[in-house]
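In this note's numbering, the protein residues as written are 733 to 862. Heads up, the beta-carbon is just placed ideally off N, CA and C, and yes, glycines get one too. As structure tokens, the structure follows; a few thoughts come after it.
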């Protein structure tokens, strides 16, 4: 989000980037978006967006897909909540994710499997480095 509206810059070839490179590239795009310095080709060709209202305290929300993209991931705030673990009540940090998919290019089951894989990576972050 910028003062002049929403822009969705595109990171390309993320699968070939390290986490550090993704973070640096995202930071660069966000800074240039806020200052109005993005080029048109940096706004085209995306397939999925990530939107984070969690940083504003929103716990859970459903996001609307940015056409012509195929999906959007809504990220809510991470909060400490009571959870059941092996029959015991414990406190854990819980973050809610919601994926919305356009069923024309993406089967909903594929979207659900993708979200399950992402959730597994977030619960076991060392796997991201493997």
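Practice problem: Report yes if the C-beta distance between residue 815 and residue 833 is below 8 Å; otherwise report no. | Solution: Locating residue 815 in the chain shown gives position 83, where the first residue counts as 1. Locating residue 833 in the chain shown gives position 101, where the first residue counts as 1. Not in contact: residue 815 and residue 833 (Cβ atoms no closer than 8 Å).
Practice problem: Would you list the residues sitting across from residue 753 in a DSSP beta bridge? | Solution: On the chain shown, residue 753 is found 21 positions in, with the first residue counted as 1. Beta-bridge pairing links residue 753 to no other residue.
Quiz item: When the distance is taken between beta carbons, is residue 779 closer than 8 Å to residue 755?
Solution: Counting from one through the chain shown, the residue named residue 755 turns up at place 23. Counting from one through the chain shown, the residue named residue 779 turns up at place 47. Between residue 755 and residue 779, the C-beta spacing is not below 8 Å.
Quiz item: Can you give the Cα-Cα distance for residue 749 and residue 760, rounded to whole angstroms?
Solution: On the chain shown, position 17 is the one that residue 749 refers to. On the chain shown, position 28 is the one that residue 760 refers to. C-alpha of residue 749 to C-alpha of residue 760: approximately 15 Å in a straight line.
Quiz item: With DSSP run on the structure shown, which of helix, strand or coil describes residue 860?
Solution: In the chain shown, residue 860 corresponds to position 128, counting from 1. In the three-state DSSP reduction, residue 860 falls in the helix class (H, G or I).
Quiz item: Going by the C-beta, is residue 734 closer than 7 Å to any heavy atom of the ligand ADP?
Solution: The ligand content of the structure shown is nil, which means the ligand ADP is not present either.
Quiz item: So, are the CB atoms of residue 741 and residue 770 less than 8 Å apart?
Solution: What you label residue 741 is simply residue 9 of the chain shown in a count that begins at 1. What you label residue 770 is simply residue 38 of the chain shown in a count that begins at 1. Yes; because the gap between Cβ atoms is below 8 Å, this pair is in contact.
Quiz prompt | Unbroken stretches of the alpha helix (DSSP H), 4 residues or longer, contained in the stretch 733 to 808 | solution = Runs found: 751 to 766.
Self-check item: Coil, strand or helix - residue 817 by DSSP
Solution: Sequence index remark: in the chain shown, residue 817 carries index 85 (1-based). Assignment of residue 817 by DSSP, reduced to helix, strand and coil, places it in the strand class.
Quiz item: Below 8 Å between beta carbons: does that hold for residue 765 and residue 739?
Solution: Stepping through the chain shown from its first residue, residue 765 is reached at position 33. Stepping through the chain shown from its first residue, residue 739 is reached at position 7. In this structure, residue 739 lies closer than 8 Å to residue 765 by Cβ.
Self-check item: Nonlocal neighbours in the same chain, by C-beta distance under 6 Å from residue 824, ignoring five residues either side
Solution: Taking the chain shown and counting its residues from 1, one reaches residue 824 at position 92. The residues are 815.
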